[in-house]
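Using my numbering, you'd call the opening residue of the sequence shown number 176 and step up by one each time.
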Amino acid sequence: MQFLKILFWCLLAFIAAVFTISNWNAVQIQLWGGLIADVNLPLLLFVTFLIGFVPTMLYNHAIRWRLRQRLATCERELVELRAPRPEPVAFAHAETPVAPITAAGPASDLSTTTPPGSLL
176 MQFLKILFWC LLAFIAAVFT ISNWNAVQIQ LWGGLIADVN LPLLLFVTFL
226 IGFVPTMLYN HAIRWRLRQR LATCERELVE LRAPRPEPVA FAHAETPVAP
276 ITAAGPASDL STTTPPGSLL
């Protein structure tokens, strides 16, 4: 498999070299202010390729970095959730029963002693 990769890149380099040698022509580019630049065609094509490739590559690397950070965060949270938790400590007084609170308290005595219609 490694041999095929090397063969592919050598073939691609050979095709690029043949294209460069056969198209080594000066191209005039009109710039702002009436300036004219003479640039070789292969150099112009390489620069335009880089103008399109570099921002896309930077965007791709930024997205991959962000996704790696999110994945690392999720993995840390998963490890924390899977970690064994300590058993709650039982207190000695927790075993004694607690009497329930009922509505028949001092408030019900107050309502029976106050005559209806009075404020207090």
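Beta carbons: idealized from backbone N, C-alpha and C, even for Gly.
- In the structure shown, the three-state DSSP call for Val264 is coil.
- About 5 Å separates the Cβ atoms of Val202 and Leu216, confirming a contact at the 8 Å cut-off.
- Distance from the CA of Val193 to the CA of Leu206, rounded to the nearest whole angstrom, comes to 29 Å.
- Per DSSP, the beta bridge partners of Ala212 are Ile204.
- For Thr277, there is no enclosing alpha helix (DSSP H), as DSSP marks it with neither H nor E.
- Shortest Cα-Cα distance from Leu219 to any of Arg239, Cys249 and Thr195 involves Thr195.
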